[in-house]
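Residue 170 is where the sequence shown starts when you use the numbering used here, and the numbers rise one by one after that.
Cβ atoms here follow ideal geometry from the backbone N, Cα and C, with glycine treated the same way.
Notes for the one structure printed next.
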Amino acid sequence: MTDGETIRSFLERDHARLDQLLARAGRDLENIDMKAFGEFRRGLLKHIGMEEKILLPAMQRLRCGEPLAIAAKLRLDHGAIAALLVPMPRGAVLRALKTVLATHNRIEEGPDGVYAECDRIADTESEALVRCLRAAPEVPAAAHVDGPKVESAARRALARAGFDAALLDS
């Protein structure tokens with residue numbers, strides 16, 4: 170391993186960093202810290218990119234073309250999360266993000282989570298995968314967009330991922 174780093178330890182540490190940024194952004198839901206939210210948003214988009222473009226494809230390759238059983242659920246969650254990053258942040262959006270991420274992160278973290286499973290599957294390739302994850306590029310974040318279509322799309326993405334679309338109710 171790279172300095173004893175595993176897929177699990179690397180990605181769980183990134184979760185903790187992102188959780189701290191989201192908490193900082195939402196300390197006062199009436200006055201969201203846009204600098205912290207911007208850093209959170211860019212970091213979360215990069216994190217999703219690491220999973221979608223590096224980790225999940227590597228697991229499918231190592232499993233002779235068979236995706237992880239949970240991969241489809243993770244992708245639905247990622248879609249919901251990304252949809253929540255489109256509108257200008259407000260209290261309901263931050264609360265929805267916290268709810269979705271809490272559920273999503275429980276699937277990925279811990280000794281029985283997706284990340285630990287990835288370490289087991291990767292075995293001797295874990296070190297190379299951690300290097301790839303570290304080298305993942307930043308993901309450009311487009312400007313926020315608000316409006317009924319954005320709101321509707323976010324609600325549909327939440328529902329597809331198994332979350333209550335009412336999370337976005339103020």
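- In the three-state DSSP reduction, residue 278 falls in the coil class, being neither helix nor strand.
- Unbroken alpha helix (DSSP H) runs of no fewer than 4 residues, entirely contained in the stretch 214-282, are found at 225-231, 240-253 and 260-277, following chain order.
- With contact defined as three or more Cβ pairs closer than 8 angstroms, the stretch 204-213 and the stretch 177-193 are in contact.
- Within the same chain, 299, 302 and 303 come within 8 angstroms of residue 179 by CB-CB distance, once the 5 residues on both sides are set aside.
- Annotation for residue 306: no alpha helix (DSSP H) segment contains it, and DSSP assigns it neither H nor E.
- In terms of Cβ geometry, residue 254 and residue 265 do not form a close pair [threshold 8 angstroms].
- Judged by their CB atoms, residue 279 and residue 271 are not nearer to each other than the 8 angstroms cut-off.
- Between residue 315 and residue 258, the beta carbon gap of about 10 angstroms keeps them out of contact (Cβ cut-off 8 angstroms).
- Contact annotation, residue 228 with residue 290: C-beta distance approximately 6 angstroms; criterion of less than 8 angstroms satisfied.
- Burial state of residue 182 is exposed, judged by a 10 Å Cβ sphere holding fewer than 16 other Cβ atoms.
- In this structure, residue 269 sits away from residue 239, with a CB-CB distance that is not shorter than 8 angstroms.
- When rounded, the separation of the alpha-carbon atoms in residue 275 and residue 281 is 10 angstroms.
- Ranked by how close their Cα comes to the Cα of residue 312, the residues 203, 297, 194 and 196 have 203 in first place.
- For residue 196, no alpha helix (DSSP H) encloses it, and the DSSP letter there is neither H nor E.
- Within 10 angstroms of the beta-carbon of residue 195 lie 16 or more other beta-carbons, which makes it buried.
- For residue 325, the closest alpha carbon among the candidates 296, 215 and 248 is that of 248.
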